[in-house]
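Colleague: Have a look at this one before I ask anything.
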Amino acid sequence: MVVPELRPWRAAKPHVVRLADAVRPRLARAAAATRPRLARLARAGKPQVAHVARPKTWQYAAGAATAGLALTAGVVTAAGPWDSSGQRTAERDRAVALGRAGGTDHGSAPGAPGRPRPAPSAGPVLTGLGGVSTVKSAPDGKALTDALTPLLKDPALGPRPAAAVIDVTTGRRLFGKAAGTALTPASTTKVATAVAALAAMGADHRLTTRAALEPDTKEVVLVGGGDPTLTARENTDGAASLRTLAAQTAAALADRGVREVTLSYDTTRWAGDEMHPIGVDGNLARVTPLMADEGRTNDSTSGPAQRVTDPAADAARRFGDLLKSHGIKTTAPGPSKATTRAKTLATVSSPPLSAVVERMLTNSDNDIAEALARQTAVATGNRADFAGAGKAISSQLRKLGLPVKGAAFKDGSGLNRADRLTPDLLTALLAKSADPSHPELRPALTGLPVAGFTGTLTTRYTDGASGVVRAKTGTLSGVHTLAGTLVDEDGRLLAFAFMATDTDPGSPAATQQALDRIASALAACGCR
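Take 36 as the starting number for the sequence shown in my numbering and just add one per residue.
Next comes the structure, spelled out in structure tokens:
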């Protein structure tokens with residue numbers, strides 16, 4: 036879902052103007068110093084640039100976000116480590132103005148810490164055209180080991196923590212501790228689900244819900260297309276609207292002179308058990324291809340909440356009520372299957388998969404994760420149940436050349452304790468998402484929560500690496516993981532994964548703080 040960015044910008048404008056006045060002299064000096072070299076580079080690179088195709092909306096320039104690069108060292112130092120493409124402009128504006136509104140599902144949350152420290156400078160993006168990069172080489176492995184090993188001995192991390200750190204530019208592992216050991220990953224499983232779904236379907240793919248009319252029977256079938264973001268609320272916030280679908284369906288029926296129908300709903304897109312192995316739980320609704328507002332019984336849009344017993348039946352009932360408000364009389368809905376002869380009356384589609392993936396990662400949304408796992412199974416010809424989804428995820432990652440040895444995917448969300456991932460696989464997933472040859476995977480990075488600002492990291496990193504670390508958290512009782520990216524003190528983009536199992540279930544905060552200290556130390560480490 037896309038949160039409008041203009042309102043926070045209007046509120047922030049006075050602050051931004053003052054900051055601009057403060058930094059303008061420094062930026063002017065930096066620009067004056069670099070202008071001759073940039074002019075030479077531009078002339079040298081003009082033939083190549085002329086042939087560069089304009090990217091799609093989701094293929095934004097990934098320099099600062101995925102290769103530790105930025106437009107100029109001065110700009111990065113002033114603005115922080117946010118994307119230069121506009122995908123996250125509200126995060127930058129918020130950091131400048133000390134506001135709290137954000138970009139795609141990077142909204143406000145109480146208790147978030149204050150302004151982050153500036154990010155380290157990075158080299159110019161024109162290095163590839165012949166310039167000389169100011170980014171230093173990757174950290175020294177021994178120095179990194181000396182810095183991280185004592186922190187990994189924290190008793191809060193349990194008896195066998197595992198870790199991996201790699202240089203995203205080269206893919207070389209810089210540090211490892213049991214990096215090939217497969218452990219319970221909790222919600223960091225969602226990174227694998229995101230990459231597999233994007234690889235199988237593409238970042239522009241949309242999930243469609245439709246209403247179809249069976250000929251000669253006056254039966255309207257609401258066909259679930261597996262869109263977990265479908266909403267019946269008046270404020271759709273960019274999601275597909277059940278209200279719109281009902282209005283269009285009613286209009287299409289009226290054009291046919293139909294005012295009374297039998298209402299049914301179709302959930303046959305997916306197979307197998309709808310109940311997750313954890314059973315009834317506020318963290319997840321029944322896994323069905325038809326639901327509205329994730330079956331929530333309150334106005335929440337993320338986090339745990341009581342769910343309706345049968346999300347598909349609930350969505351069909353609400354759809355019937357909406358049809359009635361448009362003058363179409365319906366029966367009580369029941370399960371059915373649309374035939375090949377059914378004529379589509381109306382459709383609504385989700386935001387592009389890129390936005391859906393970002394929402395899943397930022398909010399650690401389990402319903403979206405399970406939906407994307409099943410959709411990956413459908414897209415790859417596997418049975419759309421828990422086992423088929425796991426097989427599809429593993430297959431997609433293997434095709435990408437990722438190290439899946441020891442990995443096990445029993446669901447898409449990480450709620451299943453039988454899931455297994457290694458630190459090597461988690462860091463490889465992040466590096467692959469930064470690979471310029473795989474721009475379709477970029478949302479697996481841009482959706483990561485930002486330390487101290489967004490999603491599940493909003494209230495963490497109150498000191499140290501606020502605004503610098505982007506990472507997916509994973510938490511179950513006795514299990515804590517953290518996997519993401521950061522730019523170190525020398526401007527090098529690193530990917531990391533820290534995994535802790537068999538921790539004290541009575542002290543989750545201590546374990547989280549221990550993980551945060553490791554990530555903060557990595558961000559502050561030149562390590563030479």
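Ideal placement from N, C-alpha and C gives every residue a C-beta, glycine not left out.
Since this is a predicted model, take the numbers as computed values, not measurements.
Pick out whichever of Val200, Ala348, His240, Gly314 has its Cα sitting closest to the Cα of Glu475.
Modeller: Here the closest residue by C-alpha is His240.
Colleague: So which of Leu325, Ala443, Ala182, Val200 has the shortest CA-CA distance to Ser385?
Modeller: Measuring from the Cα of Ser385, the nearest candidate turns out to be Leu325.
Colleague: Please report the straight-line C-alpha distance between Arg477 and Ala238, rounded to a whole angstrom.
Modeller: Using only the alpha carbons, I get a separation of about 9 Å.
Colleague: What are the uninterrupted segments assigned as alpha helix (DSSP H) that are 4 or more residues long and contained completely in the segment 462-511, given in chain order?
Modeller: As far as the segment 462-511 is concerned, its whole alpha helix (DSSP H) runs of at least 4 residues are 478-481.
Colleague: To the nearest angstrom, report how far apart Ala191 and Ala275 are at their CA atoms.
Modeller: Distance between the alpha carbons of Ala191 and Ala275 is about 43 Å.
Colleague: Given this structure, state the Cα-to-Cα distance separating Phe354 from Ala289, to the nearest angstrom.
Modeller: Those two C-alpha atoms are separated by around 16 Å.
Colleague: Taking only three categories from DSSP, how would you classify Lys225?
Modeller: Helix, per DSSP.
Colleague: I need the boundaries of the beta strand (DSSP E) containing Arg208, first residue and last residue.
Modeller: Taken as a continuous stretch (DSSP letters only), the beta strand (DSSP E) holding Arg208 covers 208-212.
Colleague: Thinking Thr493 and Pro220 are a contact (beta carbons under 8 Å), I'd like their distance in whole angstroms, please.
Modeller: Incorrect: roughly 21 Å between the Cβ atoms, too far for contact.
Colleague: Within its chain, find whatever has a CB closer than 8 Å to the CB of Met310; leave out the 5 residues flanking it on each side and keep chain order.
Modeller: So the qualifying residues of the chain are Arg321, Val322.
Colleague: Would you grab the beta carbon distance between Glu578 and Leu319 for me? Rounded to a whole angstrom, and I think it's under 8 Å.
Modeller: Beyond the ends of the chain as shown, which are 36 and 563, falls residue 578; an answer cannot be given.
Colleague: Specify the secondary structure class of Lys253 as computed by DSSP and reduced to three states.
Modeller: Coil, per DSSP.
Colleague: Going straight from the alpha carbon of Phe533 to that of His361, what length do you get?
Modeller: Cα to Cα, the separation comes out at about 54 Å.
Colleague: So what does DSSP say about Leu265, is it helix, strand or coil?
Modeller: The answer is coil: DSSP assigns Leu265 none of H, G, I, E or B.
Colleague: Relative to the C-alpha of Ala173, which candidate in Gln431, Arg207, Ser468, Thr497 has its C-alpha closest?
Modeller: Nearest option by C-alpha distance: Arg207.
Colleague: Go ahead and pull the three-state DSSP assignment for Met310.
Modeller: Of the three classes helix, strand and coil, the one that applies to Met310 here is coil, per DSSP.
Colleague: Which term fits Ala544, buried or exposed, when burial requires 16 or more other beta carbons within 10 angstroms of its beta carbon?
Modeller: That one is exposed.
Colleague: Taking the alpha-carbon positions, what's the Phe210 to Leu464 distance?
Modeller: Going by the C-alpha atoms only, they are around 16 Å apart.
Colleague: Got a sec? Which residues, its chain only, sit under 6 Å from Asp189 by beta carbon, not counting five neighbours each side?
Modeller: The residues are Ala549.
Colleague: 8 Å is my cut-off, CB to CB: does Val256 come that close to chain C?
Modeller: The displayed structure is made up of one protein chain only, and chain C is not part of it.
Colleague: To the nearest angstrom, how far is the alpha carbon of Ala373 from that of Pro438?
Modeller: Spanning the two alpha carbons is a distance of roughly 41 Å.
Colleague: Looking at Phe531: is its Cβ nearer than 8 Å to the Cβ of Ala199?
Modeller: Against a cut-off of 8 Å, the Cβ pair of Ala199 and Phe531 comes out as a contact.
Colleague: In three-state terms, what does DSSP make of Ser542?
Modeller: Coil at Ser542, not helix or strand.
Colleague: Whose C-beta lies closer than 6 Å to the C-beta of Ile313 among residues of the same chain, with five residues either side of it excluded?
Modeller: Contacts found: Leu450.
Colleague: In this structure, what does DSSP give as the bridge partners for Ser276?
Modeller: In DSSP, Ser276 forms a bridge with Thr266.
Colleague: Using the DSSP secondary-structure output, state which residues sit across from Met236 in a beta bridge.
Modeller: DSSP, once it has assigned bridges, lists no residue as partnering Met236.
Colleague: Can you give the Cα-Cα distance for Asp308 and Leu179, rounded to whole angstroms?
Modeller: Straight-line Cα distance between these residues: approximately 46 Å.
Colleague: Less than 8 Å separating the beta-carbons of Ala469 and Ala486?
Modeller: The answer is no: Cβ separation not under 8 Å.
Colleague: Using alpha carbons as the reference points, say which of Ser555, Thr204, Ser448, Ala350 lies closest to Tyr496.
Modeller: When only C-alpha atoms are compared, the closest one is Ser555.
Colleague: Rounded to a whole number of angstroms, what is the C-alpha to C-alpha distance between Ser542 and Asn333?
Modeller: Taking the straight line from one Cα to the other gives about 30 Å.
Colleague: I need the boundaries of the beta strand (DSSP E) containing Ser299, first residue and last residue.
Modeller: It spans 295-301 - the beta strand (DSSP E) in which Ser299 sits, taken as one unbroken run.
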